[in-house]
Amino acid sequence: MRWTDCLGLTKLTKGGYNHHMNTKNTKLYGQKQVADILGVTLTTVRRWVEAGKVNVVYLPTSRRPFITEEELNRLQTPMKEKPY
0 MRWTDCLGLT
10 KLTKGGYNHH
20 MNTKNTKLYG
30 QKQVADILGV
40 TLTTVRRWVE
50 AGKVNVVYLP
60 TSRRPFITEE
70 ELNRLQTPMK
80 EKPY
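The sequence shown runs 0 to 83 under numbering that gives the first Met the number 0.
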């Protein structure tokens, strides 16, 4: 058992960690659903996840990343200027 397992943390692809979460009252979206809602390709959403631009959660029973409704709302909010 790794120390991250004891803390309920899951390793992200680019070095960060994310908590498993209780999804009882939280709406979760798959990457394809998010791509359709935002009008981008699935590949784009996957790249954002890999780059750490989108916060994801992992269910204890799945290795697939999910995006919360709160994070989806953040992605839909227009930015005043580009972050780069």
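Where a beta carbon is used, it is the ideal one built from N, C-alpha and C, also for glycine.
Because the structure is a prediction, the values reported are computed rather than measured.
For this session: May I ask you to list the residues that DSSP assigns as paired with residue 27?
Result: Position 28 of the sequence shown, counted from the start, is the residue given in the question as residue 27. Per DSSP, 67.
Exercise. Would you report the Cα separation of residue 69 and residue 78, rounded to the nearest angstrom?
Worked result: Counted from its first residue, the sequence shown places residue 69 at position 70. Counted from its first residue, the sequence shown places residue 78 at position 79. Between residue 69 and residue 78, the C-alpha separation is close to 16 Å.
Exercise. By Cβ distance, which residues of its chain are closer than 7 Å to residue 38, with the 5 residues on each side in sequence left out?
Worked result: For the purposes of this step, residue 38 is identified with residue 39 of the sequence shown, where counting begins at 1. Closer than 7 Å at the Cβ level, and outside the excluded window around residue 38, lies no residue.
Exercise. DSSP state of residue 44, grouped into three classes?
Worked result: Residue numbering aside, residue 44 sits at position 45 when the sequence shown is read from its first letter. Correct three-state label for residue 44: helix.
For this session: Would you identify the three-state DSSP class for residue 56, choosing helix, strand or coil?
Result: Start at 1 with the first residue of the sequence shown, and residue 56 comes out as number 57. Of the three classes helix, strand and coil, the one that applies to residue 56 here is strand, per DSSP.
Problem set entry | Contact set for residue 25: own chain, Cβ-Cβ below 6 Å, skip 5 residues either direction | Translated into the one-based positions of the sequence shown, residue 25 becomes position 26. Around residue 25, the same chain offers 67 as residues with beta carbons nearer than 6 Å, after the five sequence neighbours per side are excluded.
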